[in-house]
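Undergrad:
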Amino acid sequence: MSFDGLFELEKSRIDHRSYRYIELNNGLKAILVSNLKPDEDVPEESLSDSDLESDGAESLEGGDIDMEEKYISDKEAKSAAALCIKVGSFSDPLEAQGLSHFLEHMVFMGSLKYPTENDFDAYLSQRGGTNNAWTGNEYTLFHFDVKRKHFASCLDKFANFFISPLLSKDSTDREINAVNSEFELAYTKDSSRLHYLIGHLSRKDSPYKIFGYGNCKSLREIPEQSGTDIYSLLNKHRKNFYSADRMTLAVQSKHRLDDLEVLVRKIFCDIPKIGLSMKNFQCMEPFDINSFAKLYKVCPLSIKEKLRIVWILPPQIDHYESSPMEVLSSLIGHEGRGSVLALLKKENLAVSLGAGVSCTSDFENSSLCTIFMVNIQLTDYGRDHIFRVCGILFNYIKILLHSALTSTSTSLMNGSVCNNGAVHENHFQRQHTFATYLPEYQMVKAANFLYTEPEEAEDTVVNLANMLHLVKPEHVYSGYRLLREPNIQLYIDLLKLMTPNRAAIFFLSSTFSSSLKDDESQLEHEPWFNVAYQKEAIPEHIMSEWMHSKLNDVDQQLHLPYENKFLTTDFNLLDSKNDMKQPVDLNLEPGAESRLKYGHLWFQQSTRFKCPKASVMIHLWSDIVSKTKENMALHTLMVYGLNQSLSTITYEASEADLIHDLAFRDNGLRICVSGFSEKLFCFYSTILDHILDHSEDLSKEYFESYRDAVRQIYYNEALKPSVLNTHLQFYILRKEAYLIADLLNALKELSVANLAAYKQRFLSTLHITIYAYGNIKKLDAINFFDYTVKKIQPIPLPTRKLIDASILHPGTYYLRVMNCNPNDVNMCLVRIHLLGESDIKRQCYNKLLAFILSEPAFDYLRTKESLGYTVYLRYWRSSPGGTQHSGISLVVCSPANKYSIDHVAGRMTAFWRQLAPRIIAAMPSEAFKTSVESLISVHQLEDPNMMTEFERNWDEIMESTADFNYREEC
Numbered sequence: 001m002s003f004d005g006l007f008e009l010e011k012s013r014i015d016h017r018s019y020r021y022i023e024l025n026n027g028l029k030a031i032l033v034s035n036l037k038p039d040e041d042v043p044e045e046s047l048s049d050s051d052l053e054s055d056g057a058e059s060l061e062g063g064d065i066d067m068e069e070k071y072i073s074d075k076e077a078k079s080a081a082a083l084c085i086k087v088g089s090f091s092d093p094l095e096a097q098g099l100s101h102f103l104e105h106m107v108f109m110g111s112l113k114y115p116t117e118n119d120f121d122a123y124l125s126q127r128g129g130t131n132n133a134w135t136g137n138e139y140t141l142f143h144f145d146v147k148r149k150h151f152a153s154c155l156d157k158f159a160n161f162f163i164s165p166l167l168s169k170d171s172t173d174r175e176i177n178a179v180n181s182e183f184e185l186a187y188t189k190d191s192s193r194l195h196y197l198i199g200h201l202s203r204k205d206s207p208y209k210i211f212g213y214g215n216c217k218s219l220r221e222i223p224e225q226s227g228t229d230i231y232s233l234l235n236k237h238r239k240n241f242y243s244a245d246r247m248t249l250a251v252q253s254k255h256r257l258d259d260l261e262v263l264v265r266k267i268f269c270d271i272p273k274i275g276l277s278m279k280n281f282q283c284m285e286p287f288d289i290n291s292f293a294k295l296y297k298v299c300p301l302s303i304k305e306k307l308r309i310v311w312i313l314p315p316q317i318d319h320y321e322s323s324p325m326e327v328l329s330s331l332i333g334h335e336g337r338g339s340v341l342a343l344l345k346k347e348n349l350a351v352s353l354g355a356g357v358s359c360t361s362d363f364e365n366s367s368l369c370t371i372f373m374v375n376i377q378l379t380d381y382g383r384d385h386i387f388r389v390c391g392i393l394f395n396y397i398k399i400l401l402h403s404a405l406t407s408t409s410t411s412l413m414n415g416s417v418c419n420n421g422a423v424h425e426n427h428f429q430r431q432h433t434f435a436t437y438l439p440e441y442q443m444v445k446a447a448n449f450l451y452t453e454p455e456e457a458e459d460t461v462v463n464l465a466n467m468l469h470l471v472k473p474e475h476v477y478s479g480y481r482l483l484r485e486p487n488i489q490l491y492i493d494l495l496k497l498m499t500p501n502r503a504a505i506f507f508l509s510s511t512f513s514s515s516l517k518d519d520e521s522q523l524e525h526e527p528w529f530n531v532a533y534q535k536e537a538i539p540e541h542i543m544s545e546w547m548h549s550k551l552n553d554v555d556q557q558l559h560l561p562y563e564n565k566f567l568t569t570d571f572n573l574l575d576s577k578n579d580m581k582q583p584v585d586l587n588l589e590p591g592a593e594s595r596l597k598y599g600h601l602w603f604q605q606s607t608r609f610k611c612p613k614a615s616v617m618i619h620l621w622s623d624i625v626s627k628t629k630e631n632m633a634l635h636t637l638m639v640y641g642l643n644q645s646l647s648t649i650t651y652e653a654s655e656a657d658l659i660h661d662l663a664f665r666d667n668g669l670r671i672c673v674s675g676f677s678e679k680l681f682c683f684y685s686t687i688l689d690h691i692l693d694h695s696e697d698l699s700k701e702y703f704e705s706y707r708d709a710v711r712q713i714y715y716n717e718a719l720k721p722s723v724l725n726t727h728l729q730f731y732i733l734r735k736e737a738y739l740i741a742d743l744l745n746a747l748k749e750l751s752v753a754n755l756a757a758y759k760q761r762f763l764s765t766l767h768i769t770i771y772a773y774g775n776i777k778k779l780d781a782i783n784f785f786d787y788t789v790k791k792i793q794p795i796p797l798p799t800r801k802l803i804d805a806s807i808l809h810p811g812t813y814y815l816r817v818m819n820c821n822p823n824d825v826n827m828c829l830v831r832i833h834l835l836g837e838s839d840i841k842r843q844c845y846n847k848l849l850a851f852i853l854s855e856p857a858f859d860y861l862r863t864k865e866s867l868g869y870t871v872y873l874r875y876w877r878s879s880p881g882g883t884q885h886s887g888i889s890l891v892v893c894s895p896a897n898k899y900s901i902d903h904v905a906g907r908m909t910a911f912w913r914q915l916a917p918r919i920i921a922a923m924p925s926e927a928f929k930t931s932v933e934s935l936i937s938v939h940q941l942e943d944p945n946m947m948t949e950f951e952r953n954w955d956e957i958m959e960s961t962a963d964f965n966y967r968e969e970c
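Residue numbering for the sequence shown follows the UniProt record's numbering, beginning at 1 and increasing consecutively.
#1: If we ignore side chains and look at the alpha-carbon of each, how far apart do G415 and F144 end up?
#2: So what's C418 in DSSP terms, helix, strand or just coil?
#3: For a test of the three-state rule: what should DSSP assign to F762, helix, strand or coil?
#4: A350 by DSSP, collapsed to three states: which one?
#5: What are the boundary residues of the alpha helix (DSSP H) that includes N463?
#6: Does the distance from the C-beta atom of S705 to that of N348 stay below 8 Å?
#7: In whole angstroms, give me the CA-to-CA distance for H903 and K864.
#8: Using the Cα positions of D824 and Y21, report the straight-line distance between them to the nearest angstrom.
#9: By the 10 Å Cβ neighbour count, where 16 or more other Cβ atoms means buried, how is T511 classified, buried or exposed?
#10: Could you check where the alpha helix (DSSP H) with V389 kicks off and where it finishes?
#11: Return the bridge partner residues of P165 from the DSSP annotation.
#12: Measure the C-alpha to C-alpha separation of I492 and I795 and round it to an integer number of angstroms.
#13: Return the CA-CA distance between A355 and Y123, expressed in angstroms with no decimal places.
#14: State the start and end residues of the unbroken alpha helix (DSSP H) segment that holds D955.
#15: What are the boundary residues of the beta strand (DSSP E) that P895 is part of?
#16: Going by DSSP in three states, H432 sits in which element: helix, strand or coil?
#17: Given a threshold of 16 other Cβ atoms within 10 Å of its Cβ, counted over all protein chains shown, does A435 qualify as buried or as exposed?
#18: With contact counted as at least three CB pairs below 8 Å, one residue from each stretch, are the region 913-930 and the region 756-774 in contact?
#19: Thinking just about the alpha-carbon of each residue, which of T188, M106 and S125 is nearest to the one in N160?
#20: With distance defined between alpha-carbon atoms, name the residue in D780, A709, G774 and A186 nearest to K748.
#21: What are the uninterrupted segments assigned as alpha helix (DSSP H) that are 4 or more residues long and contained completely in the UniProt domain "Peptidase M16 C-terminal" (234-379), given in chain order?
#22: Is there contact here, the region 568-576 with the region 598-618, by at least three beta-carbon pairs under 8 Å?
#23: Mind checking which residues open and close the alpha helix (DSSP H) that includes S615?
#24: Leaving aside the five residues before and after I176 along the sequence, list all residues of the same chain whose C-beta is less than 7 Å from its C-beta, in chain order.
#25: Can G906 and I768 be called in contact, C-beta distance under 8 Å?
#26: E117 to D380, Cα distance in whole Å?
#27: Indicate whether the contact test is met: 3 or more Cβ pairs, each with one atom in the region 357-364 and one in the region 384-392, closer than 8 Å.
#28: Just reading off the beta strand (DSSP E) that C820 is part of, what are its end residues?
#29: Count the other CB atoms, across all protein chains shown, that sit within 10 Å of the CB of L400; report buried if there are 16 or more and exposed otherwise.
#30: Are W876 and I770 close, meaning C-beta to C-beta below 8 Å?
#31: Given that a residue counts as buried once 16 or more other Cβ atoms are within 10 Å of its Cβ, and exposed if not, what is V417?
#32: So, is M580 buried or exposed, given that buried needs 16 or more other C-beta atoms within 10 angstroms?
#33: Near H559, which residues of its chain fall below 6 Å by C-beta distance, leaving aside the five closest residues on each side in sequence?
#34: Per DSSP, what kind of secondary structure is L508 in: helix, strand or coil?
#35: Thinking just about the alpha-carbon of each residue, which of L588, Y187 and T726 is nearest to the one in L829?
#36: Whole angstroms are fine: how far does the CA of A910 sit from the CA of residue 971?
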């Protein structure tokens, strides 16, 4: 706990920022965050009105706010703000569904004080800032970030969206089209479709039935048919709901709290307070359980076999201090020995399981109810045995309920947990009961929370503004991260509601697209996304078996987790005197020749973030990976199988905040381990031993499941126009790249023997690159490298071949591919300007050009031409290393049922050949200078946490030059 300003905030021990909570006279609630470090200060001079005006904003009355620009440190941190309004699609009128989402779009189109359309976007973009917004069921949130120098002027523009938005009638049609384009992009996502199907199955008068996305039909056609003036309705909606007392604000900047408070009070005090009482949704029963709890066979658009089991529970928002959803999610969703997933995998029924509630989702965790979901990705065998899959889940929940009921600890019942002491690593791990699990869970959550690193400024304010609606101000960080008041009776009450006869089972299978649609008369349809489904009652004998199974009959392989052997007890930091500004290659030191022949060991001790954690990246590269399409498919299959078999082992560590990532990257196998330093090597050695020793992925049964899952991944990537387009770009621009169709064809012919042989060949000859960073000693870093070599014993490859770009002769190349998904009306066009091999100077020119043109491209193609929701222009360089090609890409995703490819391509060409040269030629010197300074500041942002610095340095290590000063030089 630490006392900051006006309230006692629970925050991480390594969070140096200071906080203040205030309430304005109009009812707006705000959290102010100063990220000045203890040894930093701001200048005494105040920012005058003329300074603000020269920054492009009208003056603020009273120039006593200290906002003058100063290089406080070598690197600059962005400032950010977020405003969250307690209104969302639940409040949409039935005659204009999607109105809240539409309003979110419209307020960004200018204000009375700043009437120029798209002014805020342009102003931010020119100064290296970004902004976004989203609309949920009960909340709408707006946010932006920008350089500290421009924060005051941007905050004033931002506030005026809510003081007096212009809501120009001229923008109405264009923004309805933008909303519709956003809907079209969501239309093909099965996650969105299932979301709206669940809402569709709620009671007739339930707010869950409202179509929150909105589209041309709901916002234009239906209002016109009923004689409703959508523009008048829009203004009424804003005046009724965009009230200051419904708003929470979070701001973060490198300024003193007193200065931030003066600024916020001055700018946001004019937001009107409407005074209308908020609608109480809690009095509603959104779902009729008897009608809802059925089996739903759903036709997906992508290739998948999936189960989603859903329970509707009472709202749990007010019980956050007991963490009911987090506790139950951690038990039902755990993946270690004794878990539901472990048994499903053993019986070859499923490959993944996720359980729980996203507590910041106002769909799953609303004021009406809590929607608890279990998502299971099935194998083909599991697809034919879904009742067995569900039965295993229901049996496990019975085990949890029995364990909770038989808990005898009165301390737990009274909401007080005593720590039984650290659980030490030993050869015998006891199985938990509900009573013993909670103290460990509480201890793990506390340790993780106390050493949580600060996020980026924009992520911080988004989280704070949202959380202010959900928890007490002092709990905005800890609310869903700590277990304060364990309440076994609450957990029991919820588990008693999670019975088979109260569960809705959604079964998505690719086979339904043909089998169910053969008899259209049996199908029902969700009206907005046109989701086809068939509703069935669970057979009586199956339901009876689920409901009346006895604990003695339950599979003995199901049980609560074991005590966690990865718990950390040592949180000490190394001596900061040995900290290093940049990584060094220890294999280049004298006496390291025996290691150097195997590759490179980069090391960097860093405790500047005061966090007792470290991260180690291990990259194993072989020259066989990309030689053939068969090898590429085998490598993907190998990595997928390793991840599947590892989950049972690594999940326990993840609960103790030891995180791993095993991925196919840079034509090799990349293993990353991060977390508390004490157990990091133990964790890594466990992973590597399993990679080398496990045999599950080589059995025919598992091989078929893994191959089918990889096939689904390839197919589903081909079904998405934007993803397919990216694959095609790689195919054209990179050597040794393959089409998805080639990989699918190769996958068909592979066997268990092929995979076993490939794995052996891959590991037999390697180039190893390791980067150890953070609270880690030099000898420990060497231990990681030596252990890797000793366990694998590869023939060393002296160098790692870098990925080269294809050599294309000067000219214009066209590639046009038919959309693979007949249900997707979207198309994705990319205009690529390949600029060839480039040095740092040319890369800087390219970056600056893209930086200057990105916002005008968005304004012309997205706002004015209304070509689609997704429009962006970006700079890129080939990575990693290789021949250092770079380029600029202009991307537009557009609905093909509205525009032809030729039309969209023509507008993109018009921008590039006609508008872009004029924009550059007519650019005032001051604007050019601002762009240069802003781009520099973007590249020299202060690292907010360890992972930011770690990942940036790793990117440079994987380049041929390992230039850790690249962002300063560029």
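Just so you know, even glycine gets a beta-carbon here, dropped at the ideal spot from N, CA and C.
TA: Quick look at the numbers:
#1: The predicted position of G415 is uncertain, since its pLDDT is 41 and thus under 50; a value taken from the coordinates is nonetheless stated next. Those two C-alpha atoms are separated by around 40 Å.
#2: Reliability fails at C418, whose pLDDT of 35 lies under 50, so the model's placement of it is uncertain and no value is given.
#3: Helix at F762.
#4: Strand.
#5: Counting along the chain, the alpha helix (DSSP H) containing N463 begins and ends at A457 to M467.
#6: For S705 and N348, yes; Cβs fall inside 8 Å.
#7: Here the C-alpha atom of H903 lies approximately 14 Å from the C-alpha atom of K864.
#8: One Cα belongs to D824, the other to Y21, and the distance between them is close to 47 Å.
#9: Flag for T511 reads exposed.
#10: That run of the alpha helix (DSSP H) goes I386 to L405.
#11: In DSSP, P165 forms a bridge with S111.
#12: Straight-line Cα distance between these residues: approximately 57 Å.
#13: Linking A355 to Y123 through their CA atoms gives a straight-line distance of about 42 Å.
#14: Residue range M946 to I957 is occupied by the alpha helix (DSSP H) that includes D955.
#15: P895 -> beta strand (DSSP E) spans H885 to P895.
#16: Annotated three-state conformation of H432 is coil, per DSSP.
#17: Buried, because 16 or more other Cβ atoms sit within 10 Å of the Cβ of A435.
#18: Cβ pair count under 8 Å is below three, so no.
#19: M106 is the residue among T188, M106 and S125 whose C-alpha sits nearest the C-alpha of N160.
#20: It is A709.
#21: The DSSP assignment places 257-268, 289-292, 324-332 and 340-346 as complete runs of the alpha helix (DSSP H) inside the UniProt domain "Peptidase M16 C-terminal" (234-379), in order along the chain (cut-off: 4 residues).
#22: In the pairwise beta carbon analysis, the region 568-576 is classified as touching the region 598-618: at least three pairs are separated by under 8 Å.
#23: It is not in any alpha helix (DSSP H) - S615 instead sits in the beta strand (DSSP E) that spans K613 to W621.
#24: Apart from the 5 residues on each side of it in sequence, I176 sits with its Cβ closer than 7 Å to the Cβ of F102, C216, L219 and R220 in its chain, given in chain order.
#25: It is not a contact, given that the beta carbons lie outside the stated cut-off.
#26: In a straight line, the C-alpha of E117 is about 53 Å away from that of D380.
#27: Touching, no, given that fewer than three Cβ pairs across the two stretches are closer than 8 Å.
#28: Segment: none, C820 is in no beta strand (DSSP E) and carries neither H nor E.
#29: Per the 10 Å Cβ criterion, buried.
#30: Contact: no.
#31: Low confidence applies to V417: its pLDDT is 37, below 50, so where it sits in the model is not reliable enough to give any reading.
#32: M580 is exposed by the Cβ-count criterion.
#33: The residues are G338 and Q431.
#34: DSSP places L508 in the strand class (E or B) of the three-state scheme.
#35: Put simply, of L588, Y187 and T726 the residue whose alpha carbon is nearest the alpha carbon of L829 is T726.
#36: Missing from the structure shown is residue 971; the chain here goes from 1 to 970 and no further.
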